[in-house]
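> Mind having a look at this structure? Questions to follow.
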Amino acid sequence: MPPIVVFAGRAEQRDAYRKHLTDAAAAAGIGIALHMDPDTVDPGTVDYLVYAANGPVRDFTPYTKLSGILNLWAGIEAVLERNPPADVPLVRMVEDGLTLGMIDYVVGHVLRHHLDVDHFIHSSPIAEWEVDYPPLARDRTVGILGIGALGGACAGRLASHGFRVIGWSRSPKEIPGVECRSGAEALDKTIAEAEILVLLLPLTDATQRILNARRIAQMPLDACLINAARGQLIDHQALLGALNAELLRHATMDVYDVEPLPSDDPYWTHPRVTVTPHIASVTRPETASQSIIAQIARHRRGEPFLHVVDRTRGY
Ligand SMILES: NC(=O)c1ccc[n+]([C@@H]2O[C@H](COP(=O)([O-])OP(=O)(O)OC[C@H]3O[C@@H](n4cnc5c(N)ncnc54)[C@H](OP(=O)(O)O)[C@@H]3O)[C@@H](O)[C@H]2O)c1
Numbered sequence: 002m003p004p005i006v007v008f009a010g011r012a013e014q015r016d017a018y019r020k021h022l023t024d025a026a027a028a029a030g031i032g033i034a035l036h037m038d039p040d041t042v043d044p045g046t047v048d049y050l051v052y053a054a055n056g057p058v059r060d061f062t063p064y065t066k067l068s069g070i071l072n073l074w075a076g077i078e079a080v081l082e083r084n085p086p087a088d089v090p091l092v093r094m095v096e097d098g099l100t101l102g103m104i105d106y107v108v109g110h111v112l113r114h115h116l117d118v119d120h121f122i123h124s125s126p127i128a129e130w131e132v133d134y135p136p137l138a139r140d141r142t143v144g145i146l147g148i149g150a151l152g153g154a155c156a157g158r159l160a161s162h163g164f165r166v167i168g169w170s171r172s173p174k175e176i177p178g179v180e181c182r183s184g185a186e187a188l189d190k191t192i193a194e195a196e197i198l199v200l201l202l203p204l205t206d207a208t209q210r211i212l213n214a215r216r217i218a219q220m221p222l223d224a225c226l227i228n229a230a231r232g233q234l235i236d237h238q239a240l241l242g243a244l245n246a247e248l249l250r251h252a253t254m255d256v257y258d259v260e261p262l263p264s265d266d267p268y269w270t271h272p273r274v275t276v277t278p279h280i281a282s283v284t285r286p287e288t289a290s291q292s293i294i295a296q297i298a299r300h301r302r303g304e305p306f307l308h309v310v311d312r313t314r315g316y
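Right, here's the structure in full:
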């Protein structure tokens, strides 16, 4: 009997995932019994749940036979709030489309701030032949907090472009061309050195408001911030204070405490803030389906899933 795989993402994504999961399973040579609507299947028979926190399944208790919950997102804090069964592996999404999209977003905004592109786009219409060359990338320090699947890929790409890249993570890491650091002391040092600071940490108890008022005050004068992770990593009042005082040049914000960002939020109109609506990257059905099927194939062969969430760490 092929394993029962249920898609529990948003209903409007069913057609795309039906096609790509079917294609990926055929290409991998594994048989699956795929169901696109959880309401049409006895939950007690399901082997793998392809899951999104904004999909139809809010209660895991009827899913008594599960071998794995395969999350469609890299971030898992919203799934953990639903109390998924502790003895069932919860797998984060790691897939090429999501990673490549994040590289594009981060590299694009780093280059924008590095070259101060905004100055030329927004400067006053009075013609002024003001010559001020930007430094070379190798003379610019980019700090990346969180160098996992996404941050690590961005760090590697920025380093190969020539930037001096410092990456910070919980455990020690090695990424070619990147100065990798870990530990609390290294965090403050990295923030103090980064002219462009990129946040790609998961939201956990340990990372909530990690960029607090004290650390924002340690950022170099005229530094830029790019938050492509979660809004709750930042003390927003402190950030706005530093932007208002012109201590920081710019914040590119993709994620917020409340989404959609409320229409009266000061970020919308702040001259030193770019608001993007949580579009830094997205799980792409074609590449994500290949990743999901590869995970199921591993499990069928008796190998452990990759990218399993450690519930005690919260990511
Ligand atoms: N804006 C968007 O469109 C978008 C899209 C996708 C994802 N995201 C966000 O990006 C986040 C990162 O995704 P990912 O796939 O790269 O996650 P990941 O592979 O789990 O990487 C997380 C990184 O953060 C580090 N980290 C976690 N807790 C830490 C702590 N307390 N102190 C120091 N370092 C810590 C990890 O350290 P270790 O390496 O030592 O474990 C790892 O380097 C997601 O959780 C999600 O919130 C945003």
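If you count by my numbering, then the sequence shown holds residues 2 to 316, one letter each, in order. Even for Gly, the Cβ is constructed at its ideal location relative to N, Cα and C.
Using the beta-carbon count (16 or more within 10 Å), is M220 buried or exposed?
buried
> Rank L222, V274, Y64, P272 by C-alpha distance to the C-alpha of D88 and give the top, closest one.
Y64
> If the criterion is Cβ atoms closer than 8 Å, does the pair W169 and L146 meet it?
yes
> Counting C-beta neighbours from all protein chains within 10 Å, is the total for Y268 16 or more, i.e. buried, or is it exposed?
buried
> What does a CB cutoff of less than 6 Å around P39 pick up in its chain, not counting 5 residues either side in sequence?
V7, A9, P57, V58
> Using only the heavy atoms of ligand 1, determine whether one of them is closer than 7 Å to the beta carbon of I148.
Taking the Cβ of I148 as the reference point, at least one heavy atom of ligand 1 falls within a distance shorter than 7 Å.
> For E196, count neighbouring C-beta atoms within 10 Å of its own C-beta (all shown protein chains included) and say buried if the count is 16 or more, exposed if not.
Residue environment: E196 is assigned as buried (16 or more neighbouring CB atoms within 10 Å of its CB, all protein chains considered).
> By Cβ distance, which residues of its chain are closer than 8 Å to L137, with the 5 residues on each side in sequence left out?
G163
> Taking Cβ to Cβ, would you say V92 is nearer than 8 Å to N72?
For V92 and N72, yes; Cβs fall inside 8 Å.
> In chain order, which beta strand (DSSP E) runs of at least 3 residues are fully inside the region 222-246?
224-228
> Taking only three categories from DSSP, how would you classify H271?
coil
> If you follow the beta strand (DSSP E) that R216 is part of, which residue opens it and which one closes it?
Unbroken run through R216 is the alpha helix (DSSP H), 214-219; no beta strand (DSSP E).
> What first and last residue would you give for the beta strand (DSSP E) that runs through H308?
Note, H308: premise wrong, no beta strand (DSSP E); not H, not E.
> Could you tell me whether the Cβ atoms of A229 and V111 are closer together than 8 Å?
no
> Less than 6 Å between C-beta atoms, sequence neighbours within five positions excluded: which residues of the same chain meet that for W74?
M94
> For ligand 1, any of its heavy atoms closer than 7 Å to the Cβ of R93?
yes
> With a threshold of 8 Å, are at least 3 pairs of Cβ atoms found where one atom belongs to the region 270-277 and the other to the region 297-310?
no
> Rounded to a whole number of angstroms, what is the C-alpha to C-alpha distance between T284 and F306?
19 Å
> Measuring alpha carbon to alpha carbon, tell me which of Q291, T253, D140 ends up nearest V276.
T253
> Compute every distance between the C-beta of M103 and the non-hydrogen atoms of ligand 1, then say whether any falls below 7 Å.
yes
> From what residue to what residue does the beta strand (DSSP E) around E180 run?
179-183
> From this set, P261, I235, D223, G232, which residue's C-alpha is nearest L244's C-alpha?
D223
> Mark V309 as exposed unless 16 or more other C-beta atoms lie within 10 angstroms of its C-beta, in which case mark it buried.
exposed
> Taking 7 Å as the cut-off, is the C-beta of L202 nearer than that to any heavy atom in ligand 1?
Yes, Cβ of L202 sits closer than 7 Å to a heavy atom of ligand 1.
> Please report how far the alpha carbon of L101 lies from the alpha carbon of F121, in whole angstroms.
Cα-Cα distance, rounded: 28 Å.
> If you count every other CB in all the chains shown that lies within 10 Å of the CB of R141, and 16 or more means buried, which is it?
By the 10 Å Cβ count, R141 comes out buried.
> Please state the DSSP three-state secondary structure of T208.
coil
> Can you tell me where the alpha helix (DSSP H) with R113 in it begins and where it stops?
97-116
> Output yes or no for whether 8 Å exceeds the beta carbon distance between A54 and A29.
no
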